[in-house]
Each structure stands twice: as C-alpha cells, then as structure tokens.
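J.: Residues in the sequence shown are numbered consecutively from 5, following our numbering.
In this text, a Cβ means the ideal position worked out from N, Cα and C, and glycines have one as well.
Below are the structure tokens for one structure; questions will follow.
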Amino acid sequence: MGKLVTALVAAAEAATVAVETAVASVVVAAAVVEANVVVVVAALVAATAVAVAGIVITAAMVAVIAVVVTTAATAVGAAVAATAVIAADLIEVAAVVAASVVEVATVAAAIVVVVTAVSAGAAAAILTGAAIVPVVEA
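In structure tokens, the structure reads:
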C-alpha cells in the first residue's frame, strides 16, 4: 500500500505542476492580451488624433476658401461697378465730341459762306471796275 500512496502523491504532485504550468501560461497569455489591448487602444487614440487634426485642417481650409471666394466676388463686383462708371464716362465724352464736331462743322459752314460772299463781292467789284477801299479802323 505504501507504493500506491507514493504513486498517488507523485501523480498529485505532477498534476499540481501541470496546473501551475497551465496557470502560468494563462497569466502569460493574459499579459500578452493586455499588451495587445494597450497597443490597439494606443493606435485607436493616435488614429483619432490624426482624424481630428484632419478635420481641423479641413475646416481651416474651408474657411480660407470662403475668404478667397468672398474676396474674389468683391473684386468682381468692384470691377463691374468700375466698368459701368467708365462706360458712362465714355458715353459722356462721346456726346461732348459729337457736340464739338457739330460746332466745328457749323463754324466751317459759316466760314465757307463768308469766304464765298467775300469772293463773290470781290469778283463783282473787279468786273464792274469799282474801287476796292480797304477798311481802316480808327
């Protein structure tokens, strides 16, 4: 019976060692899982930080684009207004030039009438033999 007890004790000790080894393996596996969870959580935190930074950068770019579009629209509006003013000025200048052309044509016609009259008078005086008397202002 002594051998049986010795064999049972040895089997119990071997089973205890096997259980202790299994527990140690579970502890190691739990440590590995915990380390992996820490790595995954850290990666998620980093990815979230990158995504938030991307959203902030995108929002800033949208704000800059809005300013550029607003500035361009203002510049286009100013250019249109300036073009309208220039067109009005050109129309006014054209009217003044047209009036000046009419005035010059009127003066030229008057000069032609005077020159024609003087020429006709001089020709008549020469043909009739009348004396041409120069006009002297006192």
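Quick check: the Cα distance between A76 and A92, rounded to an integer number of angstroms?
T.: Translated into positions along the sequence shown, residue 76 becomes position 72. Translated into positions along the sequence shown, residue 92 becomes position 88. One C-alpha to the other measures close to 24 Å.
J.: Could you check what DSSP says for M65 in three-state terms: helix, strand or coil?
T.: Sequence index remark: in the sequence shown, residue 65 carries index 61 (1-based). Note: M65 maps to helix in three-state DSSP.
J.: Have a look at A83 and A51 and give me their C-alpha separation to the nearest angstrom.
T.: Taking the first residue of the sequence shown as position 1, residue 83 is located at position 79. Taking the first residue of the sequence shown as position 1, residue 51 is located at position 47. Going by the C-alpha atoms only, they are around 47 Å apart.
J.: Going straight from the alpha carbon of A126 to that of A113, what length do you get?
T.: Numbered from its first residue, the sequence shown carries residue 126 at position 122. Numbered from its first residue, the sequence shown carries residue 113 at position 109. Approximately 20 Å between the Cα atoms of the pair.
J.: Could you compute how far the alpha carbon of E24 sits from the alpha carbon of V36?
T.: The residue labelled residue 24 in the question sits at position 20 within the sequence shown. The residue labelled residue 36 in the question sits at position 32 within the sequence shown. Taking the straight line joining both Cα atoms gives about 18 Å.
J.: Whole angstroms is fine: what's the gap from S104's alpha carbon to T78's?
T.: Mapped onto the sequence shown, residue 104 falls at position 100. Mapped onto the sequence shown, residue 78 falls at position 74. Each residue's Cα considered, the two are about 39 Å apart.
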